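This report refers to the structure that appears directly beneath it.
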Amino acid sequence: VKSSSRQVQPLELNMYCSVRNFTRIPTDMPPSTHSLWLDGNFFTTLPPASFRELTNLDFLNLQSGQLTTLDPQAFRNLRSLAHIHLERNRIRTLPVTLFQNTPNLASLSLHNNLISRIDERLFSGLSHMWLLNLG
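My numbering applies: residue 469 is where the sequence shown begins, and numbers increase by one.
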């Protein structure tokens, strides 16, 4: 029996759920999801641990929607998350602890929202951040 030196690499799953008229975050997404497009949908809130099963998620697109409220724990357990698109929504405030469980966050787009003030503690611990788009 010959052994192969090749290792099996897990697939990086991309989920395209753009403009699907969703009013809630879907809860039945595969845990192997790495990239998730939920842009152009109709949900208004991100409840606590909205993506709790998606521990491999590194890209999240929530732009061009109806988001107004983000729970302080919405991104809990998303330690791999590197890129978040929240632009073109109706977000007014960002909870100070929103990104405390996303230590690898590198880019964040928030432009074209209704945000008038951002607490500097929001970015505490985000040492990998290289792009912040507030528009």
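C-beta atoms are modelled at their ideal positions from N, C-alpha and C, and glycine is treated no differently. The structure presented is a predicted model; accordingly, all values stated were derived computationally and were not measured.
Between residue 525 and residue 554, is the Cβ-Cβ spacing less than 7 Å?
Sequence index remark: in the sequence shown, residue 525 carries index 57 (1-based). Sequence index remark: in the sequence shown, residue 554 carries index 86 (1-based). No; because the gap between Cβ atoms is not below 7 Å, this pair is not in contact.
Between the CA atoms of residue 590 and residue 486 - distance to the nearest angstrom
For this step, residue 486 is matched to residue 18 along the sequence shown. For this step, residue 590 is matched to residue 122 along the sequence shown. Going from the Cα of residue 486 to the Cα of residue 590 covers about 28 Å.
Please name the residue, chosen from 602, 521 and 504, that lies closest to residue 585 on a Cα-to-Cα basis.
Along the sequence shown, read from residue 1 onward, the residue named residue 585 stands at position 117. For the residues 602, 521 and 504, the minimum Cα distance to residue 585 belongs to 602.
Leaving out five residues before and five after residue 540 in sequence, what residues of the same chain have Cβ atoms less than 7 Å from its Cβ?
Taking the first residue of the sequence shown as 1, we reach residue 540 at position 72. Leaving aside the five residues that flank residue 540 on each side, the residues in its chain whose CB is nearer than 7 Å to its CB run, in chain order, 563, 565 and 566.
Chain-order list of residues whose beta-carbon lies under 7 Å from that of residue 508 (same chain, five-residue window excluded)
What you label residue 508 is simply residue 40 of the sequence shown in a count that begins at 1. In the same chain as residue 508, and ignoring 5 residues on each side of it, the C-beta atoms closer than 7 Å to its own belong to 486, 487, 532 and 533, in chain order.
Quick check: the Cα distance between residue 514 and residue 596, rounded to an integer number of angstroms?
Working through the sequence shown from its first residue, we reach residue 514 at position 46. Working through the sequence shown from its first residue, we reach residue 596 at position 128. If you take the alpha carbons of residue 514 and residue 596, they lie about 24 Å apart.
Should residue 491 go down as buried or exposed, given a rule of 16 or more other Cβ atoms within 10 Å for buried?
For the purposes of this step, residue 491 is identified with residue 23 of the sequence shown, where counting begins at 1. An exposed status is given to residue 491, since fewer than 16 other beta-carbon atoms sit within 10 Å of its beta-carbon.
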